[in-house]
Amino acid sequence: MRNLENQSVGTLVAVATICLNLAWLYPFAAPLVIIAFVAAEWIARKSSKPFWALYLVFGLWNAGTTYWIANAHPLGVVATVGINSALMAGALRWGVRSEQMLLRFPTFEKYRWLRFLPILAAWVAFEQLHENWALSFPWLNLGNTFHSLPYVVQWYQITGAVGGTIWVLIVSQMIAKGSGTKSILTALLAPTALSFALYFWPNTAPEKAIDVAVVQPNIDAYVDKWELPERVQIQKVERLLTSTLGSDTVDLVVLPETFLPKAREEGTFGKSATDAQFQKLHQRFARATLFGATTYDFQQKANAFNRPYGSKFYTIYNTALFTQGVNDLSYYHKGKLVVGAETMPFVQTLKPILGDWSVALGGTSGTLGVSAERTVFEAEELQLKLAPIICWENEFSNYSAAYARQGANLLAVITNDGWWGDTPGHVQHLRFSGLRAIEQGRYVVRSANTGVSAIIDPKGRLLQTLGWEEEGVLRAQVPLRENTTLYVRTGNILGPFFVLLFGLIAGVVLVSRFFRLKQS
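Everything in the sequence shown is counted per the numbering used here, starting at 369 for the first residue and increasing by one.
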C-alpha cells in the first residue's frame, strides 16, 4: 500500500476510479471503496490541481454507476455527474486542506487523532446536505456501498447508514496516514465481527403475522403505463391474483407506485367506473390494499406547488393510498421528490421570478405537492401499522426511519423502476430497501412495477423476489415487529454532529486564514 502512495497522480486517479466503480457494480468488491478513498486522499495531497484531479475521479465514478439516469431523462445524468462530482471533490479537498492548516496549531499536532476529523466532518456534512436540500441525491453516500452485503453492516441498526460512511473514512485515513497494522485491522474488523454476530443472532418471535400478496404487474413504464386504459391494467392484476390466490383472501395486497396513473381528485375516489372496478378487486382479494395513484386537490390561494385553474388553484401529487373499503381511504403524498422529474429545484424561490413556469418545468409530471409529515396507515383488526415508502424515499435513511419512530410495524416500498431499464439502478434500489430494513428492524414488502419486487427480512435478506420484467405475485406470512432499534430511538445523531463539527472547523480555518491569527 505504501508503494501505491509513491505512484504518480495519474496512477492514483486510475486506482481510485476503478476501485469506486467496482465497489458499486460488484457486491463482493464493496470493500474496495476503502482503497479508493486512500488513493483519493493521496491525490488531494500530491496533485498540483487537487480539485480537478478529484473531480475527474468522482465524475467517472458518478458516470459509471448512475449512467442509467439518462434512460429517464438525458439531462439528469449530466446534472448528477456535474454537480455531485463537484461537491464530492470540494468536500474531500476542503477536508485535506483544513487538516493541513490546522496542523500549524500545536494542540492539533499533539493529539494526532484530531487529524481524522476535518475529512470526516467535510464529507459527512456533504452527505447530510444531500439528505435535505433541493438537489438531494444520497444514492452514492458511502454507507450505501455495502447494500449487497447485509451481513457486514448489521450495525446500521445502531448508527444508520451514516455509520458506514464514517467507517470507510476512518479506515481509509488510517491507511493513508500510516497508522499501525494492528490499529487498522481492529478498525476494519471490529464492526464486521459485531455485524456477523448480529446477523446470526436469531430474530425474536413476533406476536403477529399477516398474509401479504405483493403484485408485480410488469407494465411498460414508458408507454403502456400511461396509454393502456386503467381497466385493462386492473384486469391484469386481477388475473395475476386469481392465478396465485385462487379463491383465497389475504390480509394485505401491495401494488406499485402510480398503479392508477390517471389523475383523480381526492375525495371523489370510487365514483368512476374504473374506481368501482378497483374496489371490486380489493373486496375480492384483500382486507386492506396499498396502491399508488396520481391525485390532485384544489386550493383557494396560490402557493409554491400549485397552478391556476379558473378562479382556483390545484396541486398534483404522487400518492400512496390505503383502503379497507369503499368509504375507508387514506392518503400519503410522496415527500421526497425526484429532482427534475417531479420537482423544480428551489421552486419556492424561483416561482416569484418564473411564475407558473417554475411548476411546469418540474419534469415529466411538473412540480408536485408533498405531505408535510410521514403518514402511517393503520388497520386495527390486523394490528397493522404500515409505512408507505414511495420510490425515491427509499434512499433517505433518516426520513424513512421516522416511520418506525411513529409506530410502523411493517415497511412497504412501492416503486416504478422501469424508467431506468435493465441496469444496475433497479438492483441497487432494491438493495437499499434491505438497508432500511436493517436500520428499522422491520420486514419490507416491496412492489415494483417491472421489478424487482421482494419480501425482505429485518436483517436485509431477500426472502422472495420477482425478477426484472417478470409478472406475478409474491405471497408470504409477514411478521409485524414492534421492537425498535437504537437508530430508530435516537434518529440520525451522527450526521448533525459532524455538520456542527464541520462548521466549527471551517470557522477556525477561515478566521486563521483571513485574519492571520498567531498560533499558540
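Don't be surprised by glycine CBs; every beta carbon is placed ideally from N, CA and C.
Distance CB(residue i)-CB(residue j) smaller than 8 angstroms
i	j	result
alanine 631	isoleucine 684	yes
arginine 655	aspartate 619	yes
valine 707	leucine 455	no
glutamine 808	alanine 577	no
glycine 828	histidine 794	no
alanine 770	arginine 810	no
valine 536	leucine 556	no
glutamine 692	alanine 747	yes
alanine 544	asparagine 817	no
methionine 469	valine 877	yes
Span separating the alpha-carbon of residue i from that of residue j
i	j	result
arginine 814	isoleucine 824	8 angstroms
leucine 705	phenylalanine 505	11 angstroms
lysine 639	leucine 649	15 angstroms
asparagine 439	alanine 398	25 angstroms
alanine 493	phenylalanine 870	7 angstroms
alanine 740	leucine 862	24 angstroms
tryptophan 569	threonine 549	30 angstroms
glycine 610	phenylalanine 690	The sequence given here places threonine at residue 610; glycine does not occur at that position. Taking the straight line joining both Cα atoms gives about 21 angstroms.
asparagine 851	alanine 776	10 angstroms
glutamine 525	alanine 641	46 angstroms
glutamate 839	valine 621	15 angstroms
serine 698	phenylalanine 745	7 angstroms
leucine 778	glycine 678	42 angstroms
leucine 729	asparagine 674	Legend: pLDDT at leucine 729 = 44, less than 50; position of this residue unreliable, no value from coordinates given.
glycine 703	leucine 428	30 angstroms
lysine 669	glutamate 499	30 angstroms
threonine 688	leucine 842	Going by the sequence as given, residue 688 is alanine instead of threonine. Computed Cα separation, rounded: 20 angstroms.
serine 453	tryptophan 788	21 angstroms
isoleucine 602	tryptophan 594	13 angstroms
asparagine 374	glutamate 625	51 angstroms
tyrosine 394	leucine 508	14 angstroms
leucine 736	phenylalanine 681	13 angstroms
proline 629	valine 591	12 angstroms
tyrosine 855	glutamine 647	38 angstroms
leucine 885	leucine 482	Low local confidence applies: a pLDDT of 49 at leucine 885 is under 50, so the model's placement there is unreliable, and no value is given.
histidine 797	valine 738	22 angstroms
Closest residue to residue i among the options (Cα-Cα distance)
i	options	result
glycine 875	Ser466, Asn509, Leu488	Ser466
proline 597	Ala581, Gln832, Gln645	Gln645
serine 376	Phe659, Leu388, Ser416, Tyr394	Ser416
leucine 400	Leu393, Ala408, Leu388, Glu409	Leu388
leucine 497	Leu878, Val867, Val877	Val867
arginine 413	Leu460, Gly450, Arg472	Leu460
asparagine 686	Thr783, Leu557, Gln647, Leu482	Thr783
arginine 799	Phe514, Lys604, Ala688, Ala670	Phe514
asparagine 430	Thr858, Pro792, Ser821	Pro792
threonine 612	Leu628, Val580, Asp592	Val580
asparagine 695	Asp785, Gln651, Trp507, Glu763	Gln651
methionine 542	Arg857, Ile402, Gly859	Ile402
serine 765	Thr527, Val449, Leu736, Tyr700	Thr527
Neighbourhood of residue i by C-beta distance below 7 angstroms, restricted to the same chain and skipping five residues each side
i	result
valine 381	Ile411, Ala421, Leu424, Val425
glycine 511	Ala529, Val530, Gly531, Gly532, Thr533
tryptophan 462	Ala490
arginine 599	Thr642, Gln645
glutamate 761	Lys702, Gly703, Lys704, Tyr767, Ser768
proline 574	Pro847, Leu848, Arg849
threonine 475	none
isoleucine 451	Leu503
alanine 780	Val622, Leu658, Leu754, Ala755, Pro756, Ile757, Val813
Sequence-distant residues of the same chain with beta carbon closer than 6 angstroms to residue i, five excluded per side
i	result
arginine 804	Ser768
leucine 831	Ile823, Asp825
tryptophan 392	Thr433
alanine 384	Ala404, Ala407, Ala408, Val425
proline 486	Gly463, Ser466, Glu467, Ile873
phenylalanine 419	Ala457, Arg461
threonine 958	Only positions 369 to 888 of the chain appear in this structure, which leaves residue 958 out of reach.
phenylalanine 627	Phe659, Gly660
tyrosine 479	none
tyrosine 700	Ala688, Ser739, Thr743, Pro756
Sequence-distant residues of the same chain with beta carbon closer than 8 angstroms to residue i, five excluded per side
i	result
tryptophan 523	Gly531, Pro559, Leu562, Ser563, Leu566
asparagine 371	none
glutamate 477	Leu471
leucine 623	Val583, Pro585, Val605, Thr657, Leu658, Phe659, Gly660, Ile782, Ser815
Neighbour flag for residue i against chain D, beta carbons, 8 angstroms
i	result
glycine 828	No chain D is part of this structure, which consists of one protein chain only.
Checklist entry - Are the stretch 511-521 and the stretch 442-462 in contact at 8 angstroms, needing three or more beta carbon pairs? => result no
Item to check | Touching by the beta-carbon criterion (3+ pairs, under 8 angstroms), the stretch 744-762 and the stretch 664-677 | outcome: no
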